[in-house]
Amino acid sequence: MTKMRYFCFVAFVVASICAAAGRPNIIIMMTDDSGYSDLGCYGGEIDTPNLDRMARSGLRFRNFYNNGRCSPTRASLLTGRDSAHAGFGAGTLGGWNREMKQPAYRARLPYDLPTIAELMKTAGYRTMMTGKWHLGGSHMKTQPARQAGWKRSHPGWELTDEEIEADFNALPAQRGFDEFFGLIGGETHQFFTADDKHDYLEGNQRAKLKIDRAYNMHCYYTNKNRYPYTPNHGKTAKAFYGTDGMTDRAVEMIEAASAKPQPFFLYMAYRAPHLPIQAPQELVDKYLPRYADLEKVQADRVAGLVREGLWDKGRDYRKYFGPYRKMPAAKKKDYQLRAAIHAAMMEKIDENVGNVLKALERSGELDNTLILYLSDNGAASHLGDLMNVPYHGCKALMWEGGTKTHCIAYWPRAIKPGAITESMGWVGDFLPTCLDIAGAIYPAKFRGKSTEALDGRSLLPVLKGEDRAPPEYLFSNDKGQQGVIYKGRWKLLIEPGWYIQTNKKPGIAYELYDLEKDPAEVKDLAKQNPEMVQQLSRACETWQQRCGIVDYGEILKIRPNHTK
170 MTKMRYFCFV
180 AFVVASICAA
190 AGRPNIIIMM
200 TDDSGYSDLG
210 CYGGEIDTPN
220 LDRMARSGLR
230 FRNFYNNGRC
240 SPTRASLLTG
250 RDSAHAGFGA
260 GTLGGWNREM
270 KQPAYRARLP
280 YDLPTIAELM
290 KTAGYRTMMT
300 GKWHLGGSHM
310 KTQPARQAGW
320 KRSHPGWELT
330 DEEIEADFNA
340 LPAQRGFDEF
350 FGLIGGETHQ
360 FFTADDKHDY
370 LEGNQRAKLK
380 IDRAYNMHCY
390 YTNKNRYPYT
400 PNHGKTAKAF
410 YGTDGMTDRA
420 VEMIEAASAK
430 PQPFFLYMAY
440 RAPHLPIQAP
450 QELVDKYLPR
460 YADLEKVQAD
470 RVAGLVREGL
480 WDKGRDYRKY
490 FGPYRKMPAA
500 KKKDYQLRAA
510 IHAAMMEKID
520 ENVGNVLKAL
530 ERSGELDNTL
540 ILYLSDNGAA
550 SHLGDLMNVP
560 YHGCKALMWE
570 GGTKTHCIAY
580 WPRAIKPGAI
590 TESMGWVGDF
600 LPTCLDIAGA
610 IYPAKFRGKS
620 TEALDGRSLL
630 PVLKGEDRAP
640 PEYLFSNDKG
650 QQGVIYKGRW
660 KLLIEPGWYI
670 QTNKKPGIAY
680 ELYDLEKDPA
690 EVKDLAKQNP
700 EMVQQLSRAC
710 ETWQQRCGIV
720 DYGEILKIRP
730 NHTK
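Everything in the sequence shown is counted per this note's numbering, starting at 170 for the first residue and increasing by one.
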């Protein structure tokens with residue numbers, strides 16, 4: 170290298186570092202199965218003082234959408250694309266037992282589709298992740314004993330060197346994250362003692378968990394002879410608790426990254442309050458009395474949303490609990506326990522959000538950090554619609570209760586405190602937002618393959634206080650259900666509900682709602698407006714063809730357990 174070229178190179182590096190120093194850090198926090206109105210700042214009865222603080226000092230979305238299920242939401246968050254383009258279409262979840270050869274159902278993140286971590290790393294950010302991955306991949310390459318399991322779950326497939334390499338390259342440590350601590354799969358226990366086996370990884374190696382604090386462990390189960398039973402239920406012992414442990418590791422990452430000149434990007438994917446529901450006993454005891462009157466909890470959540478400016482007073486919504494619903498005493502008691510554990514898990518998340526805020530304050534990075542907080546889908550079916558009130562439906566269903574989430578944007582240096590936006594947002598908007606903030610552009614080519622345009626759009630104008638027109642179409646699809654929102658107003662649902670039930674009914678069910686007048690989907694207008702039904706049905710057909718979505722019955726012929 171000539172001296173002139175050397176000095177030009179050094180000048181470029183110095184300029185890049187200086188530019189990086191002026192850009193904000195970005196943290197994305199995503200919970201697993203939290204309901205729209207769980208948070209205090211979204212009307213809920215759960216104590217969430219740290220998230221409430223972020224809301225008071227930041228921006229809340231009234232209309233923010235995920236993809237209604239774990240892996241599809243994560244796929245869009247990491248790629249900015251409809252989940253089918255990332256191999257997680259129609260509710261597909263990560264895991265060998267769900268993998269298919271069709272690209273939309275591959276259940277493994279494609280190596281030639283850039284992730285937010287890879288792009289932010291190229292833009293000069295240090296990239297880190299803690300928590301739940303759930304986007305496929307395995308360590309067959311470094312642990313050949315796993316290959317027998319792959320063969321059992323892929324009858325008729327050939328296990329090639331290319332397949333082994335592709336599985337390895339789908340893991341977070343190979344997809345742009347400088348540091349990773351967490352889980353590859355979608356579900357595990359929250360509590361681990363020194364006697365328990367675990368699946369946590371540090372990079373590509375099994376992690377050594379810090380088991381340094383005592384817990385009174387409440388681990389909910391219904392049958393001692395099957396998962397999620399654990400002998401830890403009712404014990405008091407030193408243990409690792411997932412929400413605490415992944416945050417402790419995130420704090421270590423923040424402290425180390427804050428000492429470097431480059432900004433950092435951190436993705437925190439909590440595995441709570443997802444099943445199995447497990448929390449410290451004292452918190453469960455704290456919340457049990459709050460769920461003595463479930464109908465009142467429901468009404469209080471709606472009243473809380475009205476108080477917070479997130480719901481219009483007097484607007485109708487579907488009541489999940491009411492005088493018409495008779496629940497046997499034993500069933501009601503069990504439901505109240507599940508609700509209390511859910512609430513306890515949410516308080517633990519909030520406590521750990523506070524720990525992250527404290528770490529940022531200690532490092533002097535708080536004012537220069539954008540934090541985005543949301544849930545990957547609505548609360549799950551074991552709690553019904555209560556946690557998603559005033560919206561109908563739950564996780565994996567395409568009604569608003571399954572696909573709409575609370576969302577807080579906190580950035581002291583840039584966001585007007587206490588703001589609420591009507592602008593529509595979607596989880597796939599995070600990648601273009603981060604690129605916009607980083608001053609980076611989406612590549613025309615990646616790993617030798619031409620890329621397609623992003624489906625997401627930058628939220629930076631909204632963060633700055635501007636209104637943003639909704640997308641022309643926002644599509645959702647899960648196991649035989651199809652949904653589409655047109656220009657933020659008209660929403661069509663095709664065959665909404667659980668496939669095992671809808672498949673038994675003759676014909677095709679359509680529901681049409683005017684979300685501007687009826688955001689809780691109370692009044693079905695499909696029969697009154699057949700022209701809109703036809704227009705949006707055609708749009709759905711075109712989208713399905715473009716994404717490679719096929720009739721769900723055909724998928725079940727290949728993978729009968731795809732519904733799980």
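Backbone N, C-alpha and C fix where the C-beta goes; we use that ideal spot for every residue, glycine too.
What would DSSP say about residue 254, mapped onto helix, strand or coil? Position 85 of the sequence shown, counted from the start, is the residue given in the question as residue 254. Reduced to three states, the DSSP call for residue 254 is helix.
Assign residue 439 to one of three DSSP states: helix, strand, or coil. As a position in the sequence shown, residue 439 is number 270, starting the count at 1. Reduced to three states, the DSSP call for residue 439 is coil.
Can you say whether residue 619 is buried or exposed, counting buried as having 16 or more other CB atoms within 10 angstroms of its CB? The residue given as residue 619 occupies position 450 in the sequence shown. So residue 619 counts as exposed.
With DSSP as the reference, please indicate the residues paired to residue 589 in a beta bridge. In the sequence shown, the residue the question calls residue 589 occupies position 420. BP columns for residue 589 point to 229.
Decide if the region 571-583 is in contact with the region 229-243; the criterion is three or more beta carbon pairs, one per stretch, under 8 Å apart. yes
Nonlocal neighbours in the same chain, by C-beta distance under 6 Å from residue 340, ignoring five residues either side: For the purposes of this step, residue 340 is taken as the residue at position 171 of the sequence shown. Closer than 6 Å at Cβ, skipping near neighbours: 306.
Of the listed residues 696, 480, 202, 679, nearest to residue 559 (C-alpha basis): Locating residue 559 in the sequence shown gives position 390, where the first residue counts as 1. The candidate whose alpha carbon is nearest that of residue 559 is 480.
Tell me which same chain residues have a C-beta within less than 7 Å of the C-beta of residue 338, skipping the five on either side of it? Here residue 338 is taken as the residue at index 169 of the sequence shown, counted from 1. Within the same chain, residue 338 has close Cβ partners 280.
Residue 493, buried or exposed, once every other Cβ within 10 Å from all chains shown has been counted against 16: Walking along the sequence shown from the start, residue 493 turns up at place 324. Label assigned to residue 493: exposed.
How far does the alpha helix (DSSP H) with residue 427 in it extend, from its first residue to its last? By one-based count along the sequence shown, residue 427 stands at place 258. 411-427 is the span of the alpha helix (DSSP H), which, as asked, contains residue 427.
Those runs of the beta strand (DSSP E) which lie wholly inside the region 490-552 and span at least 3 residues: 538-544
What did DSSP end up calling residue 596 once you bin it into helix, strand or coil? To locate residue 596, count along the sequence shown from 1; it is residue 427. Residue 596: helix per DSSP, three-state reduction.
Which of helix, strand or coil DSSP assigns to residue 173: Here residue 173 is taken as the residue at index 4 of the sequence shown, counted from 1. Bear in mind that a pLDDT of 39 at residue 173, under 50, signals an unreliable position, so the model cannot answer this.
Output needed for residue 624: all residues of its chain with C-beta closer than 6 Å, excluding positions within five of it in sequence on either side, in chain order. Reading the sequence shown from its first residue, position 455 is the one you call residue 624. Here the set comprises 250, 251, 597.
Would you kindly check if the distance between the Cβ of residue 515 and the Cβ of residue 261 is under 8 Å? By 1-based counting over the sequence shown, the position of residue 261 is 92. By 1-based counting over the sequence shown, the position of residue 515 is 346. No. Outside cutoff.
For residue 588, which residues from the same chain have a beta carbon less than 8 Å from its beta carbon, with the 5 sequence-adjacent residues on both sides left out? The sequence position of residue 588 within the sequence shown is 419, counting from 1. Spatial neighbours of residue 588 in its own chain (CB-CB distance under 8 Å, excluding positions within 5 residues in sequence) are listed in chain order as 227, 228, 229, 634.
Just to confirm my understanding: we take residue 277, look at its own chain, exclude 5 residues before and 5 after, and list those with CB closer than 8 Å. What are they? Position 108 of the sequence shown holds residue 277. So the qualifying residues of the chain are 256, 263, 268, 304, 305, 306, 335, 336, 339.
Assuming residue 584 is part of the alpha helix (DSSP H), what are its boundary residues? Within the sequence shown, numbered from 1, the residue matching residue 584 stands at position 415. Looking at the DSSP string, residue 584 is not in any alpha helix (DSSP H), and its letter there is neither H nor E.
Tell me whether the beta-carbon of residue 680 lies closer than 8 Å to the beta-carbon of residue 662. Numbered from 1 along the sequence shown, position 511 holds the residue referred to as residue 680. Numbered from 1 along the sequence shown, position 493 holds the residue referred to as residue 662. Yes, these two residues count as a Cβ contact at 8 Å.
Selected residue, minimal CA-CA separation from residue 274, among 665, 701, 647: Counting from 1 along the sequence shown, the entry for residue 274 is found at position 105. For the residues 665, 701, 647, the minimum Cα distance to residue 274 belongs to 647.
Which residues does DSSP list as the beta-bridge partners of residue 299? Counting from 1 along the sequence shown, the entry for residue 299 is found at position 130. According to DSSP, residue 299 bridges with 350, 437.
Taking the Cβ atom as the reference point for each residue, do residue 415 and residue 402 lie within a distance shorter than 8 Å? As a working note, residue 415 is residue 246 in the sequence shown. As a working note, residue 402 is residue 233 in the sequence shown. No; because the gap between Cβ atoms is not below 8 Å, this pair is not in contact.
Apply the 10 Å Cβ neighbour rule to residue 458 and answer buried if 16 or more other Cβ atoms are within range, or exposed otherwise. Looking up residue 458 in the sequence shown gives position 289. Exposed, since its Cβ has fewer than 16 Cβ neighbours within 10 Å.
Simplified DSSP assignment, three categories, for residue 659: In the sequence shown, counting from the first residue as 1, residue 659 sits at position 490. Residue state, collapsed to three classes: strand.
Inspect the CB distances between the region 647-657 and the region 601-614 and report whether three or more fall short of 8 Å. no
Outcome for residue 512 when other beta-carbon atoms lying within 10 angstroms are tallied against a minimum of 16: In the sequence shown, the residue the question calls residue 512 occupies position 343. The residue in question, residue 512, is buried, as its Cβ has 16 or more Cβ neighbours within 10 Å.
How long is the line joining the alpha carbons of residue 533 and residue 408, rounded to whole angstroms? Looking up residue 533 in the sequence shown gives position 364. Looking up residue 408 in the sequence shown gives position 239. Those two C-alpha atoms are separated by around 31 Å.
Give the straight-line distance between the Cα atoms of residue 185 and residue 672, rounded to the nearest whole angstrom. As a working mapping, residue 185 is identified with position 16 in the sequence shown. As a working mapping, residue 672 is identified with position 503 in the sequence shown. Caution applies to residue 185, whose pLDDT of 40 falls short of 50 and renders its modelled position unreliable; the value that the coordinates give is listed next. In a straight line, the C-alpha of residue 185 is about 56 Å away from that of residue 672.
Presumed contact (8 Å Cβ cut-off) between residue 718 and residue 253, rounded CB distance: Here residue 718 refers to the residue found at position 549 of the sequence shown. Here residue 253 refers to the residue found at position 84 of the sequence shown. With a Cβ gap of about 6 Å, residue 718 and residue 253 count as contacting.
Spatial neighbours of residue 591 in its chain, beta-carbon cut-off 8 Å, leaving aside the 5 residues before and after: Walking along the sequence shown from the start, residue 591 turns up at place 422. Within the same chain, residue 591 has close Cβ partners 231, 232, 636.
Taking the alpha helix (DSSP H) that residue 724 belongs to, which residues open and close that run? The residue given as residue 724 occupies position 555 in the sequence shown. Segment 721-727, the alpha helix (DSSP H) holding residue 724.
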